[in-house]
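The UniProt record's numbering numbers the first residue of the sequence shown as 1 and each following residue consecutively. The C-beta atom is built at its ideal place from N, Cα and C for all residues, glycine as well.
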Amino acid sequence: MANFQPTLLHSSNESEVASSCKTFNITLEQFTTLKSRSASAKSTAYCPYSNFRVGATILTHEGVFIDGANVENAAYPVGTCAERVAFGKAVTEGHRRFKVVAVATDISPPASPCGMCRQFIREFCDLDTPIFMFDKNGDFIVMRLEQRNRSSSHFLQSPVTMHSFPKIYNTYFVAVIATVGGMLFGFDISSMSAIVGTKQYTDYFNDPHGIVQGAIGSALAAGSVIGSLMAGPISDRWGRRDSIFFACFWWLIGTAVQVSCRNYGQLIAGRILNGVRVGITSSQVPAYLAEIAKKERRGRIIVIQQLAIEWGIFIMFFSGYGCSFIDGPASFRTAWAVQFIPAVLLMLGLPFLPRSPRWLAKVGRTEQAIKTLADIQAGGNIDDALVVAEWEEIWTVLSAERESPFGWRKFFHHGMWKRTLAGMSVQAWQQLSGANVMTYYVVYVFQMAGLTGNINLISSGVQYALFIIFTSVVFFLIDKTGRRPLLIYGAIGMGICQFVVGGVLGSYGISVPEGVDGNSNVVIQVTGAPAHTVIAFSYLLIIIYTITLAPVVWVYAAEVWSLETRATGMGFAALANWLFNFALGLFYFSDVSQHHVQNLSHLCCSLLGLGLGCADISHVP
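Next up, the structure:
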């Protein structure tokens, strides 16, 4: 369905009705029947996700009326339109020649058949076939199929005032620039990984351990919780692109606080400020990419975000490793100062990116939305069939969603609670798999396995190289394999790896109360074959995570929401991710975790990973 603005006629006006019947060669009785049956057909619609009812009635040349209604599924807006249902019934009953098509909706002005439906109608109807479109009051617009097809192109032709910055419309280049936001996320993840085990860090901050180190590590996630709550309202008001730009200011302030910190309290504050930016961009960059990408490329485009995160982790880790050879506090201050660079580059690049055409449509900037959509999808050709069809889908979805409840209720009314549950639960399960805890503290895990000094840092850095290699592989597979299988098998595989690591540490670990090599955060050690097993399965865990949960949960979460709910919905999803990230980061170095040694964490993550696999099978569409 699509919205447009020709003359609206009134069913109560006898002269307008009579004139229409004469023009399109139907009787008054046929008009009345088309109006009443198409309106009645709306009651048979199955639309639990949009609550946007559409009824259709077609009149055959034999004088038979056939009704249809729209049918949705959990992949809304993908569904079957009322017109296609009616034509499907008619054709399977042996009818091939049709005289009139009528469509009824609950909005005003009325909606018309979408581009796909018009192609379907054209298969069985002549171009002079009339289409009557009734609104919620029974008033109508009528056009011939040929006129309706032409009106799409005419409707799209409106002048647009472009901004002063030239725009990049190649979606891959747009993704590369936008996902520098993901690179910042990666920078902050590993800004501690190569630092926490160095003498310069432990001496300056008086050997932080237990709950203090847990608070430092999880401060990023705490700030991200705040950012996730802010993300939706900011993005809906300012747009996806500008919300990312706004988030960069938080990053610059947070990085400045970290570089100048004098105690761990100030360090925690700086990481919280950085986390606010991460919370905003971790939800809005995938939402932005999902809204500018073609459907068949959406998975790959969002995987670029994950690849950027991993390049950020890799670059920052080895920057920290290089800075570890600097004496004194300048070691970690220099490493943290590197974080300024990508933030500035992102802020310089964002003005050259287009706004999301879906956001532009949502806020009523129709002409700019159409022009942007055409530039992205068809090199500026607003008459392109795919552009017309996608624009009509966008407008139809918006029309339907504006009839839905406002505020928080729209996330739970009818079938939307299923989307909310699915979007938030996959993000929570990603954290509960334990992979990000491994990413934060792999240096400590390998220290348990007997690796020390530079060997430990380099071995820990190998996992970040594995991130990049295997994310490059999944880039070519994600749109072919589907989201759900990767979630299920990835969760099960990670659960097994965590079970092996936790089991080996629990069975063969030797308690070292004073800390391995004097590190009070590492109170267990394994040697020999068990140590090699811990290292091998830690690497395998990261490989499985990289090709499954790491990229897929962001793709899935970006796709599960409708246009009206996407910005805030992605904020909800990111909120679930960061809440559990914070809890796990804090727990790993809590006194409970220390006294029961960290293998307990791996065993818990094993059970949670296996549970995720079962949960995905049962409730993830």
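Where residue i sits in the DSSP three-state scheme
i: E123; result: helix
i: S153; result: Note on S153: pLDDT 42, under 50, position unreliable in the model; no value is reported.
i: A111; result: strand
i: D67; result: strand
i: E367; result: helix
i: F134; result: strand
i: V522; result: coil
i: Q594; result: Because Q594 sits at a pLDDT of 45, beneath the cut-off of 50, its placement in the model cannot be relied upon, and the following sentence gives the value as read from the coordinates. Helix at Q594.
i: V17; result: helix
i: V338; result: coil
i: L184; result: helix
i: R484; result: helix
i: residue 623; result: Since the first residue of the chain shown is 1 and the last is 621, residue 623 is not available in this structure.
i: S433; result: coil
i: S12; result: coil
i: V85; result: helix
i: T202; result: helix
i: T27; result: coil
i: T129; result: coil
i: T420; result: helix
i: P77; result: Its pLDDT being 48, under 50, P77 is placed unreliably by the model, and nothing is read from it.
Bounding residues of the alpha helix (DSSP H) (the contiguous stretch that carries residue i)
i: R300; result: R298 to C323
i: K42; result: Element bounds for K42: n/a, residue is neither H nor E.
i: P286; result: Y264 to I292
i: F245; result: R240 to V259
i: I458; result: G453 to F475
i: F140; result: Here F140 belongs to no alpha helix (DSSP H); instead the beta strand (DSSP E) covers F140 to R144.
i: W561; result: Note, W561: premise wrong, no alpha helix (DSSP H); not H, not E.
i: R358; result: P357 to K362
i: T171; result: T171 to A178
Residue i versus the options, residue with shortest Cα-Cα distance
i: V426; options: Q30, R483 and M448; result: R483
i: A361; options: L398, T334, I326 and R333; result: L398
i: V174; options: I302, Q213, I66 and D236; result: I302
i: I341; options: D188, L421 and F446; result: D188
i: A111; options: P530, E83, T129 and G94; result: E83
i: residue 624; options: S36, H95, A39 and Y46; result: There is simply no residue 624 to check, as the chain begins at 1 and stops at 621 in what is shown.
i: V504; options: A531, A550 and I496; result: A531
i: T568; options: Q200, F140 and A231; result: A231
i: M192; options: M570, P551, I544 and L457; result: L457
i: P130; options: R53, A90 and T57; result: T57
i: G55; options: I488, F185, V103 and M448; result: V103
i: I542; options: I455, V85 and V501; result: V501
i: S433; options: A343, A308 and L584; result: L584
i: residue 627; options: N274, V225, P286 and Y464; result: Examination of residue 627 is not possible in this model, given that the chain is present from 1 through 621 alone.
i: G63; options: S356, A41 and V101; result: V101
i: T23; options: F87, A557 and M143; result: M143
i: Q305; options: I382, A287, G322 and A18; result: A287
i: G265; options: R37, I211 and S20; result: I211
i: Q498; options: Y539, V553 and S459; result: Y539
i: T372; options: F470, A574, I292 and A385; result: I292
i: G493; options: V363, Y545 and D139; result: Y545
i: F470; options: L353, Q30 and A308; result: A308
i: K480; options: K295, R122 and Y46; result: K295
i: A558; options: S283, D106, A18 and S19; result: S283
i: K35; options: S12, G450, P48 and T334; result: S12
Presumed contact (8 Å Cβ cut-off) between residue i and residue j, rounded CB distance
i: G270; j: Q258; result: 4 Å
i: R300; j: I478; result: 6 Å
i: F245; j: M347; result: 6 Å
i: M183; j: G312; result: 4 Å
i: G223; j: V276; result: 5 Å
i: L229; j: G571; result: 7 Å
i: A69; j: T44; result: 4 Å
i: P109; j: D135; result: 6 Å
i: M448; j: V522; result: 6 Å
i: W578; j: V225; result: 5 Å
i: N581; j: N436; result: 6 Å
Segment limits, beta strand (DSSP E) that includes residue i
i: K99; result: F98 to T105
i: A56; result: V54 to T60
Heavy atom of the ligand SAH within 7 Å of residue i beta-carbon
i: V176; result: Looking at this structure, you won't find the ligand SAH or any other ligand, since it has none at all.
Residue-chain proximity (residue i, chain D), Cβ-Cβ < 8 Å
i: Q284; result: Absence of chain D from the displayed structure is noted, only one protein chain being present.
Practice task
Scan the stretch 486 to 553 and note each continuous alpha helix (DSSP H) run of 4 residues or more that stays entirely inside, going in chain order.
Solution key: Runs of the alpha helix (DSSP H) inside the stretch 486 to 553: 528 to 547.
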